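If you count by full-length UniProt numbering, then the sequence shown holds residues 1 to 300, one letter each, in order. Don't be surprised by glycine CBs; every beta carbon is placed ideally from N, CA and C. These figures come from a predicted structure and were not determined experimentally. Worksheet: the structure to be examined is printed underneath.
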Amino acid sequence: MPTAIAVTGRELVLPPPDGQTPSAVVLRPPDAQSLDDALAEVGNLLDQQGYLVVLYPAATPAAVVRRLHIVRSVLESDRMALLSLELPPLAVAVLARQLRQLSMSDFSPGVLACAARLLSHYIHAGALLGSVARLDRVPVSLTSHVKSWVPGSHFGVLAHPTPRLVKVGGASELPAPGYATSMTVARGQLNSHGYGGGAGPDDWVTGALAPAWGVRGVEEVRLPAESARWWGTPKLIEFAAAIPDLSVLYQLVASVRREECHWCGFELIGDRCAFCSCPVARGDEIPALLTSPRPALTSR
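Structure below.
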């Protein structure tokens with residue numbers, strides 16, 4: 001049976017790259033849906049689709065996360081995987097779209113769910129910020145905090161895979177991916193005050209960063225509702241660069257050794273089952289693709 005991909009906000013459902021990629025299911029928060037309705041919706045979805053993989057940022061409000069676990073517990077379903085991701089909201093949306101694409105392939109539900117962790121290594125996620133005063137998810141120096149109070153200052157921040165912060169217009173640059181990517185951009189309330197030669201901050205993401213990274217294309221989408229809280233300010237332009245080629249994504253997942261979960265029996269890749277969170281019961285080396293910071297890709 002097919003595997004459905006679910007998210008916790010409508011802005012996390014990005015447009016499909018083709019006419020075949022299925023959409024994602026949006027699971028509504030407790031203040032928008034009763035528990036009985038949530039149970040009925042997820043129960044019907046499992047009956048129709050077979051399996052459900054839910055992706056959400058680790059910064060998701062606690063009430064929403066509790067609802068997800070309550071639904072899974074009450075339904076007593078081992079076919080519902082809940083994946084908390086240490087990624088900014090836009091990157092979660094990009095990853096969800098990649099899994100939606102892969103859900104049409106021959107991967108089993110367990111492998112598809114575990115692929116979220118693998119593919120997250122290949123997403124370069126960051127933002128252009130007007131202030132880092134309330135940014136607590138990326139290391140920020142005292143000097144940067146002070147500079148953020150200077151009118152017109154803007155900061156380029158890379159949150160994943162390796163945290164990095166630079167002052168826009170300075171000599172430092174954010175490290176580029178070492179492989180071909182496309183970029184997804186979502187604009188917040190950042191004012192277009194000039195910097196450097198007078199260009200607006202909008203131009204730094206699409207006109208400076210994207211060319212410097214050699215991205216193959218730029219797509220603009222709506223800013224996720226949780227982005228302002230994640231980055232500590234609504235004055236931002238969020239971006240995520242990721243592998244656009246479905247065949248490359250498929251090869252990455254297919255190249256990892258598969259195991260069988262000794263607890264629930266799901267097929268998995270990596271060191272932990274995505275459905276029951278049980279670790280792999282073996283003592284030898286965990287597959288290198290999931291223990292290294294990022295598996296190497298040389299194409300560009």
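Run through DSSP, which three-state label would residue i get?
i: Leu-87; result: coil
i: Ser-182; result: strand
i: His-121; result: coil
i: Ala-210; result: helix
i: Val-221; result: strand
i: Glu-173; result: coil
i: Leu-190; result: coil
i: Gly-126; result: strand
i: Gly-43; result: helix
i: Val-7; result: strand
i: Arg-164; result: strand
i: Leu-135; result: coil
i: Ala-281; result: coil
i: Gly-19; result: coil
i: Val-157; result: strand
i: Val-13; result: coil
i: Ala-241; result: strand
i: residue 327; result: This structure gives no information on residue 327, because the portion of the chain shown stretches from 1 to 300.
i: Asp-106; result: coil
i: Arg-229; result: helix
i: Arg-66; result: helix
Please report the distance separating the alpha-carbon of residue i from that of residue j.
i: Arg-72; j: Arg-257; result: 28 angstroms
i: Ala-115; j: Gly-170; result: 37 angstroms
i: Glu-41; j: Ser-34; result: 11 angstroms
i: Gly-110; j: Leu-118; result: 13 angstroms
i: Ala-96; j: Arg-66; result: 21 angstroms
i: Ser-120; j: Lys-235; result: 25 angstroms
i: Arg-164; j: Ala-63; result: 31 angstroms
i: Gly-194; j: Glu-260; result: The predicted model places Gly-194 with a pLDDT of 41, which falls under 50 and marks its position as unreliable; any figure quoted below should be read in that light. Going from the Cα of Gly-194 to the Cα of Glu-260 covers about 55 angstroms.
i: Ser-173; j: Val-166; result: The question names Ser, yet the displayed sequence has Glu at residue 173. One C-alpha to the other measures close to 6 angstroms.
i: Met-104; j: Thr-3; result: 9 angstroms
i: Thr-181; j: Leu-112; result: 21 angstroms
i: Met-80; j: Ala-24; result: 14 angstroms
i: Glu-11; j: Trp-230; result: 14 angstroms
i: Ser-131; j: Glu-86; result: 21 angstroms
i: Phe-275; j: Pro-17; result: 27 angstroms
i: Ala-6; j: Gly-270; result: 22 angstroms
i: Ile-243; j: Val-253; result: 13 angstroms
i: Ala-133; j: Asn-44; result: 45 angstroms
i: Gly-232; j: Ser-153; result: 16 angstroms
i: His-160; j: Asp-136; result: 14 angstroms
i: Pro-177; j: Gly-214; result: 9 angstroms
i: Cys-273; j: Ala-93; result: 22 angstroms
i: Ala-228; j: Ala-91; result: 14 angstroms
i: Leu-162; j: Phe-155; result: Note on identity: in this sequence residue 162 is Thr, with Leu being the wrong assignment. Distance between the alpha carbons of Thr-162 and Phe-155: 16 angstroms.
Per DSSP, residue i is paired with what?
i: Pro-57; result: Leu-85
i: Pro-234; result: According to DSSP, which records beta bridges pairwise, Pro-234 is partnered with nothing at all.
i: Glu-259; result: Leu-268
i: Tyr-51; result: Thr-3
i: Val-25; result: Ala-6
i: Met-80; result: Leu-52
Less than 7 angstroms between the CB of residue i and some heavy atom of the ligand NAP, yes or no?
i: Val-92; result: Ligands are entirely absent from the displayed structure, and the ligand NAP is therefore not among its contents.
Can you find at least 3 beta carbon pairs, one from the stretch 174-185 and one from the stretch 201-219, that sit closer than 8 angstroms? With the cut-off at 8 angstroms, the stretch 174-185 and the stretch 201-219 touch.
Would the stretch 26-36 and the stretch 119-127 be scored as touching if the rule is three or more Cβ pairs under 8 angstroms? The stretch 26-36 is not in contact with the stretch 119-127.
Evaluate the contact criterion for the stretch 65-85 versus the stretch 221-238: three or more CB pairs, one atom per stretch, below 8 angstroms. By the Cβ rule, the stretch 65-85 does not count as touching the stretch 221-238, because fewer than three pairs are nearer than 8 angstroms.
With three or more beta-carbon pairs closer than 8 angstroms as the criterion, would you say the stretch 241-250 touches the stretch 53-60? Flag = no, the stretch 241-250 and the stretch 53-60 do not touch.
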